[in-house]
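Visitor: For the sequence shown, the working numbering gives the first residue as 843, with consecutive numbering after it. C-beta: ideal position from N, C-alpha, C; glycine also.
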Amino acid sequence: MSFVVRQIALKSSGEEIIRRSVVEEDVLVIGRDGSSGIHLPDLAVDPRHARVRQIDADTLTIESIGDQPFTVNGRSVTSSELELSIGAELGFGGHRITVAREAESGLPAFTVRRVEAVSESAEAIELGSAYSLQKLLPGKRLSAWGFAALVLLAFLAVPIWSWATYQPLALHKDARRPAGIHGDSAWSSGNLSLAHKNLGNDCQACHVQPFVAVRDNACMTCHQQDAHQHIADGARLLKARGEPAGFAGFQRAVASAFNKPAGRCVDCHTEHEGAGAMLATRQQFCTDCHDGLKTRLPDTKIADAADFGTAHPQFRPMLVAGLAGDKPLFQRAVWQDGMKESTGLKFTHAQHLSKTNGIAQMVRRRPGEFAAGDALSCKDCHQTDSGGARFKPVEMEKACQSCHSLTFDEIGGTFRTLRHGQPEQVVADLRAAFRGGMPPRPESLSGLARRIPGAGAQQATAADYARAVRFYPVQADEAVAQVFSKGGMCYDCHTVGRGGSAATAGFTVQKVAQNGRYYNKGWFDHKDHRKSECVTCHVKAATSNDADAVLVPGIDGAGGCRSCHVGEGGAKLASAHVKEPVASGCAMCHEYHMDNGAPWKPADKRKGPALLTAAWDRPRHPPLPR
843 MSFVVRQIAL
853 KSSGEEIIRR
863 SVVEEDVLVI
873 GRDGSSGIHL
883 PDLAVDPRHA
893 RVRQIDADTL
903 TIESIGDQPF
913 TVNGRSVTSS
923 ELELSIGAEL
933 GFGGHRITVA
943 REAESGLPAF
953 TVRRVEAVSE
963 SAEAIELGSA
973 YSLQKLLPGK
983 RLSAWGFAAL
993 VLLAFLAVPI
1003 WSWATYQPLA
1013 LHKDARRPAG
1023 IHGDSAWSSG
1033 NLSLAHKNLG
1043 NDCQACHVQP
1053 FVAVRDNACM
1063 TCHQQDAHQH
1073 IADGARLLKA
1083 RGEPAGFAGF
1093 QRAVASAFNK
1103 PAGRCVDCHT
1113 EHEGAGAMLA
1123 TRQQFCTDCH
1133 DGLKTRLPDT
1143 KIADAADFGT
1153 AHPQFRPMLV
1163 AGLAGDKPLF
1173 QRAVWQDGMK
1183 ESTGLKFTHA
1193 QHLSKTNGIA
1203 QMVRRRPGEF
1213 AAGDALSCKD
1223 CHQTDSGGAR
1233 FKPVEMEKAC
1243 QSCHSLTFDE
1253 IGGTFRTLRH
1263 GQPEQVVADL
1273 RAAFRGGMPP
1283 RPESLSGLAR
1293 RIPGAGAQQA
1303 TAADYARAVR
1313 FYPVQADEAV
1323 AQVFSKGGMC
1333 YDCHTVGRGG
1343 SAATAGFTVQ
1353 KVAQNGRYYN
1363 KGWFDHKDHR
1373 KSECVTCHVK
1383 AATSNDADAV
1393 LVPGIDGAGG
1403 CRSCHVGEGG
1413 AKLASAHVKE
1423 PVASGCAMCH
1433 EYHMDNGAPW
1443 KPADKRKGPA
1453 LLTAAWDRPR
1463 HPPLPR
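1) My understanding is that T1190 touches D1334, with C-beta atoms under 8 Å, so please give their C-beta distance in whole angstroms.
2) Excluding five sequence neighbours on each side, which residues of the same chain lie with their C-beta closer than 6 Å to the C-beta of T1385?
3) Taking its Cβ as the centre, do 16 or more other Cβ atoms sit within 10 Å of V1338, making it buried, or is it exposed?
4) Would a C-beta distance cut-off of 9 Å place L1356 and P1235 closer than the cut-off?
5) For a test of the three-state rule: what should DSSP assign to H1380, helix, strand or coil?
6) Would the stretch 881-893 and the stretch 901-914 be scored as touching if the rule is three or more Cβ pairs under 8 Å?
7) Taking buried to mean at least 16 other C-beta atoms within 10 Å of its own C-beta, is M1430 buried or exposed?
8) Put Q1051 into one of helix, strand or coil per three-state DSSP.
9) If we count Cβ pairs, one from each stretch, closer than 8 Å, do we get three or more for the stretch 1122-1142 versus the stretch 1070-1088?
10) By the 10 Å Cβ neighbour count, where 16 or more other Cβ atoms means buried, how is K1221 classified, buried or exposed?
11) Taking the alpha-carbon of A1241 as reference, which of C1223, V1096, F1366 has the nearest alpha-carbon?
12) Which residue marks the beginning of the beta strand (DSSP E) containing V1420, and which one marks its end?
13) Taking buried to mean at least 16 other C-beta atoms within 10 Å of its own C-beta, is Q1046 buried or exposed?
14) Per DSSP, what kind of secondary structure is M1160 in: helix, strand or coil?
15) Starting from the C-beta of V1268, find all residues in its chain whose C-beta is less than 7 Å away, skip the five residues before and the five after it, and write them out in chain order.
16) Please classify G1105: does DSSP put it in a helix, a strand, or coil?
17) Which first and last residues belong to the beta strand (DSSP E) in which I1253 is found?
18) Jot down the residue ranges of each uninterrupted alpha helix (DSSP H) in the stretch 1322-1368, minimum 4 residues, whole runs only, in chain order.
19) Between which two residues does the beta strand (DSSP E) carrying L924 extend?
20) Looking only at its chain, what residues have a beta carbon closer than 6 Å to the beta carbon of C1406, apart from the 5 residues adjacent to it on each side?
21) Please state if the CB of H1432 and the CB of R1232 are separated by a distance shorter than 9 Å.
22) Please report the straight-line C-alpha distance between A1391 and C1403, rounded to a whole angstrom.
23) The beta strand (DSSP E) spanning T1063 covers which residue range?
24) Please say whether V1000 and G1025 have beta carbons closer to each other than 9 Å?
25) Quick one: complete alpha helix (DSSP H) runs, 4+ long, within the stretch 1111-1191?
26) Can you check which of these residues, G1210, T1137, A1148, is closest to A1413 by C-alpha distance?
27) Go ahead and label F1212 buried or exposed: buried means 16 or more other beta carbons lie within 10 angstroms of its beta carbon, across all protein chains shown.
28) Under the rule that 16 or more other beta-carbon atoms within 10 Å means buried, what is A899, buried or exposed?
29) Return yes when the Cβ of R1106 is within less than 9 Å of the Cβ of V1056, no when it is not.
30) Whole angstroms are fine: how far does the CA of D1251 sit from the CA of E1320?
31) Is E1183 closer than 9 Å to L1165 when the C-beta atoms are compared?
32) From the DSSP output, which residues share a beta bridge with P950?
33) Got a sec, what are the start and stop residues for the alpha helix (DSSP H) V957 sits in?
34) Kindly list the residues whose CB is nearer than 6 Å to the CB of A951, restricted to its own chain and excluding five residues on each side of it in sequence; keep chain order.
35) Where do the N-terminal and C-terminal ends of the alpha helix (DSSP H) with T1226 fall, by residue?
36) Run the CB neighbour count on V864, radius 10 Å, all protein chains shown included, and call it buried at 16 or more, exposed below.
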């Protein structure tokens, strides 16, 4: 069965708006319930007040669902029959419903009109006002001023009073606020990082003056040992960054107006970013100055740098260029394939890493003594330090002596060994050992020897003696010369020359200079690369026959860092295939805290005192001629 419902509303001008809908139901429900076929939003109407059924094509019946009556043509009834040909007017609260047959469709039509507001809830807005406390509260204007005063009191006056109360604590080194809630904590933009967690109740430690941004001297109060100025000349630093343009220039102007000058520590080292570790400096803070630096500072010696994957200068490792007495001289050089340094050793990686030569055969005959089973491997000689970042210097006694023995004599089953690294002591020991002169004459050749028939035994004894005289030194100087000459214990591994003192019999042994860190301007951690094979980066190690060859990788090429590191945003991936890309921002390798610690490692976990091995504090020396 179908019914036509026509809802009539009035505009402010008095014009009627008619909304027509068709209800497809056997029974048409009239009530305040929103699911009713004819919805009347009036508290005087029951949720389900009445229902309408069609008896035949011209007759309808309407009856109350509950006990509440309604009106039909002005008469209060609970049920009635309606003739569509005659029509009728129904009354429900403040609504009047005209019943007739619609001319166009021939369906029963119910035209609904609100004629008066018979209750305070005739419309939704009236329903809200019926339960409102508006008349019991102050007016809007008074409330607005009251809330504004409350905000100023809670978030301005109380924080200022709290700050002023504890201001004297800033003058005492170890003074701290008591635990609890402090008014000025409402100004905090977030939690402090773990590094500054202990300052959570001591805002004055950094914010020394009210309404004054944090200054560098507040940072340097605690960071005297592990930080320094990036550039001593602040004006030059700002010039390197360049004048901001557009919206950035507007931000700079606003910051300056509120006493927040540019070039401070906090421009890069931001705080209140969360209760975790302090975030590493984003690449943007570095490239703001270093990208296009030479255009702003033509006199700078620093190369332009942007994203590591696409715009980074070639590495410049520190190389051993010579010796000044016992100390090595270092000099930075641009990395290039085939570069060399003088270490004082005659050691080749290819010879020791071979899997087919005599060294490999020796390893196989001594199972269990080396890390590898069929040949020497890198970790047989190179051992990482306690932190795993770098490798310890190779020690002869631990890494070499098991193969390169320094034994020169045996007495009663006890072996006598030359002292490594002490040429004077080597000469003294050899002279003491050969002080008796030539080897003793066998008794078989003396006059007291018992004669044995035949000359065979005597001839064998004479041959043994002659061989001893031929192959073993009969004087100390001969023994010394043999040790320091080609084929001798020292000569085969070390660079030996002449011009030494009498204590070393005129020989000199070049001091060994092991380079423990090639890249002093950048950080590299072997521990983070332990899942990779050594030859992944040191690609020429297994084939290098030059003891002076520098086998550290550069930025590009086979084994180069860009083989994996693609910059902060992975820009290199767009131009080259990288199997295992690693996002690499500037802060991954560069840091400006002068010690041996990795970038962004907490100060209490750094590895030691300041590292003073870079070029600026070492004697300069030109590279040795090759």
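Guide: On the basis of the data shown:
1) Actually they are not in contact, since the Cβ atoms of T1190 and D1334 sit about 12 Å apart, beyond 8 Å.
2) A1192
3) buried
4) First, the residue type needs correcting, since residue 1356 is Gln and not Leu in the sequence shown. Against a cut-off of 9 Å, the Cβ pair of P1235 and Q1356 comes out as a contact.
5) coil
6) yes
7) buried
8) coil
9) yes
10) exposed
11) C1223
12) Here V1420 belongs to no beta strand (DSSP E), and DSSP marks it neither H nor E.
13) buried
14) strand
15) L1260, R1261, V1325
16) coil
17) 1249-1253
18) none
19) 921-925
20) E1422, V1424
21) no
22) 19 Å
23) Careful: T1063 lies outside any beta strand (DSSP E), inside the alpha helix (DSSP H) at 1058-1064.
24) yes
25) 1125-1132, 1135-1138
26) A1148
27) buried
28) exposed
29) yes
30) 15 Å
31) no
32) R943
33) It is not in any alpha helix (DSSP H) - V957 carries neither H nor E in the DSSP assignment.
34) V846, A942, E944
35) No alpha helix (DSSP H) holds T1226; DSSP gives it neither H nor E.
36) exposed
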